[in-house]
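One structure is given here, and the rest of the page talks about it.
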Amino acid sequence: MKFRAKVLARWTLLAAIVAASGFLAWWTWRTTASLERLGERSVIDSTVLLVREKLDRVESMIIAADNAVIHLVDPDDLDVLAERWPALADRVAPSARAVLVLDEAERPVRAVSRTTADDADRFRQLFVDHLRAELHLRDQAVGEHRHWHGTTAGQWSLVSYFVGESGGRRYFVVIETDLDFVRREVLPKLFEDPLARGRFNVTDDQNRTLFGRSLATAGELVSARFPTTLYKWRMAAVPRDDPEFKARTRNRQLIEAGYVGLSLVVLLVGVVFFTFVAREEERLNQLKSDFIATVSHELKTPLSLIRMFGEMLATDRVPSAEKRGQYLEIIVRESERLTALIDNVLDFARLERGRTSYEFAMGDLGGVVFRGVEMFRYRVVKERPRLVTDIAEHLPRTRLDERALHLLLFNLLDNAVKYAGDSDEVRVRVYGDARVLSLDVEDQGEGIDPEDARRIFERFYRGRNASASGARGSGIGLALVKHIARAHGGDVAVVPRPGGGTIFRVRIPVDARDDDEA
Ligand code: ADP
77 MKFRAKVLAR WTLLAAIVAA SGFLAWWTWR TTASLERLGE RSVIDSTVLL VREKLDRVES
137 MIIAADNAVI HLVDPDDLDV LAERWPALAD RVAPSARAVL VLDEAERPVR AVSRTTADDA
197 DRFRQLFVDH LRAELHLRDQ AVGEHRHWHG TTAGQWSLVS YFVGESGGRR YFVVIETDLD
257 FVRREVLPKL FEDPLARGRF NVTDDQNRTL FGRSLATAGE LVSARFPTTL YKWRMAAVPR
317 DDPEFKARTR NRQLIEAGYV GLSLVVLLVG VVFFTFVARE EERLNQLKSD FIATVSHELK
377 TPLSLIRMFG EMLATDRVPS AEKRGQYLEI IVRESERLTA LIDNVLDFAR LERGRTSYEF
437 AMGDLGGVVF RGVEMFRYRV VKERPRLVTD IAEHLPRTRL DERALHLLLF NLLDNAVKYA
497 GDSDEVRVRV YGDARVLSLD VEDQGEGIDP EDARRIFERF YRGRNASASG ARGSGIGLAL
557 VKHIARAHGG DVAVVPRPGG GTIFRVRIPV DARDDDEA
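Just so you know, we're using our numbering here: the sequence shown kicks off at 77 and counts up by one.
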């Protein structure tokens, strides 16, 4: 139950972390996207303001000029206008080109141009031919000041008209704005700033460009009409830095997504790693408890045998001399087993603490193995399996630790007897060349399950055949074998024996350092 709760907690935590990371990623993405939209919006808004400001400036200038002219009109003394305006025009009303004053019946009473008398006549004619019909002067209230914008004879015209009253009689002032002047002087001045250049234009109601360049290919535009004066015209602008801003935001979005993705990967790797470590730890703890249980059991069995037969001998309850000999043999064999077990455990404990000390000396592997097998043979009293040695002669000498190699050999032989006890023979072979020496311990048993074969060299690991057969053991034998092989610069491997059984192959590279020095 406790284990289940732990697993549940781990998976819940993992799911929570993944969900939280996903949410974080989504949130970051969304925030940058809305920032991008906000940024775009603010660029557009500021461009709209800019366009309005420029329109206002053009309009204010035109209206101010009109007002200045209207101010000069005295319906009772029109000479004032004719005399004073040309002198003042450049300064106070640069955009006004011609002025027409009409009486109550809309008859032109005076036409003045800032250029020539002919121009004044042209404007008068224009009024008579076209403008009169357009302006509807009669319908206007006194004090009203309005604008008319349109084309006459294919030309754009802007006129402003004012309805005044003097001595109970109405009069009209019609002022023509010089659109050439607006296009040549006023607009270029407005856009001479390098940041504005190329970004603005003015088009008419047929989309013809009157000022600036065509912005048809410039993408998204902001545009507005002149509110009161040149109301048939439209000013458009390209929002500033638009593509650049977009690219920057996109980049930032990608970088942030990258960061979040990376953090997510680190987080997941961390979680997977810690889960793995925790599971390993759990597995190792389980193996350790099993180890303690088996070792205690292993210690107990030979001890109780020794005790039982020792007591029988001590109390002289032995039927015959032959039995006595057998009992003594059992006592010796069990104490041998005890010693081997304790040696294994002690060596293993030293190895676990990282304090294994080897005593290397030059030696002959064949001889070491031969002596080891003989010592083991003395322990194994059974008839089967036969222990056969096949040791090549004249093998090169190498640096080795005889005691450690005996431990290695005993463990391999002990396993061969334990797990392949029904083999006819267990063969120990030593062979090699000038570079590598090999030691094979070969049995004819059942072999090892391939699943187990990958793990049997792990400490505390015991195979299926161990639990199935109830063979004594602690799961540290092969871990020791591996450690010792590696300490000699070599390794150990398990190979299936052709025809059934197992071969444990220890390979040790020849190290003749000390011999050379001698
Ligand atoms: P122990 O023998 O104490 O269980 P070892 O580390 O010596 O531990 O061996 C690990 C496992 O390898 C054994 O439990 C057994 O399953 C398997 N094994 C070792 N030697 C042999 C062999 N000669 N034949 C079959 N299985 C073996």
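Idealized CB from N, CA, C, for every residue including glycine.
Is the separation between the beta-carbon of residue i and that of residue j shorter than 8 angstroms?
{"i": "L340", "j": "V314", "result": "no"}
{"i": "T279", "j": "W309", "result": "yes"}
{"i": "A547", "j": "K494", "result": "yes"}
{"i": "Y537", "j": "L422", "result": "no"}
{"i": "A468", "j": "V506", "result": "yes"}
{"i": "V218", "j": "G240", "result": "yes"}
{"i": "W161", "j": "V185", "result": "no"}
{"i": "G523", "j": "T474", "result": "no"}
{"i": "L484", "j": "V582", "result": "yes"}
{"i": "V517", "j": "L489", "result": "yes"}
{"i": "R167", "j": "L266", "result": "no"}
{"i": "W224", "j": "L211", "result": "yes"}
{"i": "L441", "j": "L515", "result": "yes"}
{"i": "A172", "j": "A141", "result": "yes"}
{"i": "E135", "j": "T253", "result": "no"}
{"i": "T108", "j": "Q329", "result": "yes"}
{"i": "R535", "j": "G551", "result": "yes"}
{"i": "L471", "j": "I560", "result": "no"}
{"i": "G448", "j": "Q520", "result": "no"}
{"i": "A294", "j": "M311", "result": "no"}
{"i": "L234", "j": "L255", "result": "yes"}
Pull up the distance between the alpha-carbon of residue i and that of residue j, whole angstroms please.
{"i": "G288", "j": "R260", "result": "11 angstroms"}
{"i": "E435", "j": "D477", "result": "5 angstroms"}
{"i": "L343", "j": "T377", "result": "50 angstroms"}
{"i": "M388", "j": "P395", "result": "10 angstroms"}
{"i": "S499", "j": "F446", "result": "20 angstroms"}
{"i": "A27", "j": "R275", "result": "Nothing can be reported for residue 27, as the shown portion of the chain is limited to 77 through 594."}
{"i": "A181", "j": "R245", "result": "10 angstroms"}
{"i": "A594", "j": "V502", "result": "The predicted position of A594 is uncertain, since its pLDDT is 44 and thus under 50; no value can be drawn from it."}
{"i": "I368", "j": "E374", "result": "10 angstroms"}
{"i": "R429", "j": "I331", "result": "47 angstroms"}
{"i": "A174", "j": "L131", "result": "23 angstroms"}
{"i": "D419", "j": "A542", "result": "21 angstroms"}
{"i": "V262", "j": "G337", "result": "55 angstroms"}
{"i": "S372", "j": "D509", "result": "43 angstroms"}
{"i": "E450", "j": "A437", "result": "21 angstroms"}
{"i": "S236", "j": "L202", "result": "14 angstroms"}
{"i": "E129", "j": "Q282", "result": "24 angstroms"}
{"i": "G98", "j": "R106", "result": "12 angstroms"}
{"i": "L154", "j": "V177", "result": "8 angstroms"}
{"i": "R589", "j": "F533", "result": "29 angstroms"}
{"i": "F350", "j": "T123", "result": "55 angstroms"}
{"i": "V127", "j": "Y307", "result": "14 angstroms"}
{"i": "H221", "j": "S290", "result": "34 angstroms"}
{"i": "K82", "j": "F385", "result": "49 angstroms"}
Between residue i and ligand 1, is the CB less than 7 angstroms from at least one heavy atom?
{"i": "A492", "result": "yes"}
{"i": "L596", "result": "Absent from the structure is residue 596, since the part of the chain shown begins at 77 and ends at 594."}
{"i": "A496", "result": "yes"}
{"i": "G380", "result": "Rather than Gly, the amino acid found at residue 380 in this sequence is Ser. Result no, Cβ not under 7 angstroms from ligand 1."}
{"i": "I532", "result": "yes"}
{"i": "N487", "result": "yes"}
{"i": "A425", "result": "no"}
{"i": "A563", "result": "no"}
{"i": "N541", "result": "yes"}
{"i": "D366", "result": "no"}
{"i": "Y537", "result": "yes"}
{"i": "D516", "result": "no"}
{"i": "D528", "result": "yes"}
{"i": "T377", "result": "no"}
{"i": "A415", "result": "First, the amino acid is wrong: residue 415 is Thr here, not Ala. Every heavy atom of ligand 1 is 7 angstroms or more from the Cβ of T415, so no."}
{"i": "L524", "result": "Residue identity differs from the one stated: residue 524 is Ile in this sequence, not Leu. At least one heavy atom of ligand 1 is nearer than 7 angstroms to the Cβ of I524, so yes."}
Comparing the CB of residue i with every heavy atom of ligand 2, is any distance shorter than 7 angstroms?
{"i": "D519", "result": "Ligand 2 is not part of this structure, which contains only ligand 1."}
At the 8 angstroms Cβ level, is residue i part of the contact set with chain D, yes or no?
{"i": "L207", "result": "Of the protein chains in this structure there is only one, and it is not chain D."}
inquiry  = Would the segment 399-415 count as touching the segment 380-387 if we require 3 or more Cβ pairs under 8 angstroms?
reply    = yes
ask   = Can you list the alpha helix (DSSP H) stretches of 4 or more residues lying completely in the segment 421-503, in chain order?
value = 441-455 and 478-495
request  = Please list the segments of the alpha helix (DSSP H) lying wholly inside the segment 127-170, counting only runs of 4 or more residues, in order along the chain.
outcome  = 155-168
query = Does the pairing of the segment 246-266 with the segment 130-147 give three or more beta-carbon distances under 8 angstroms?
reply = yes
query = Between the segment 382-399 and the segment 552-569, do at least 3 Cβ pairs fall closer than 8 angstroms?
reply = no
query = Would you say the segment 320-334 touches the segment 110-122, given that touching needs at least three Cβ pairs under 8 angstroms?
reply = yes
query = Do the segment 89-103 and the segment 263-275 touch if we need at least three Cβ pairs shorter than 8 angstroms?
reply = no
inquiry  = Could you tell me which whole alpha helix (DSSP H) segments of length 4 or greater appear in the segment 521-587?
reply    = 526-529, 540-545 and 553-563
request  = Only counting runs of 4 or more residues, tell me where the alpha helix (DSSP H) segments fall wholly within the segment 234-274, in order along the chain.
outcome  = 263-266
query = If you scan the segment 200-231 from start to end, which runs of the alpha helix (DSSP H) of 4 or more residues do you find wholly inside it?
reply = 208-211
task = Let me know the beta strand (DSSP E) ranges lying completely inside the segment 294-325, each 3 residues or longer, listed in chain order.
result = 298-301 and 310-313
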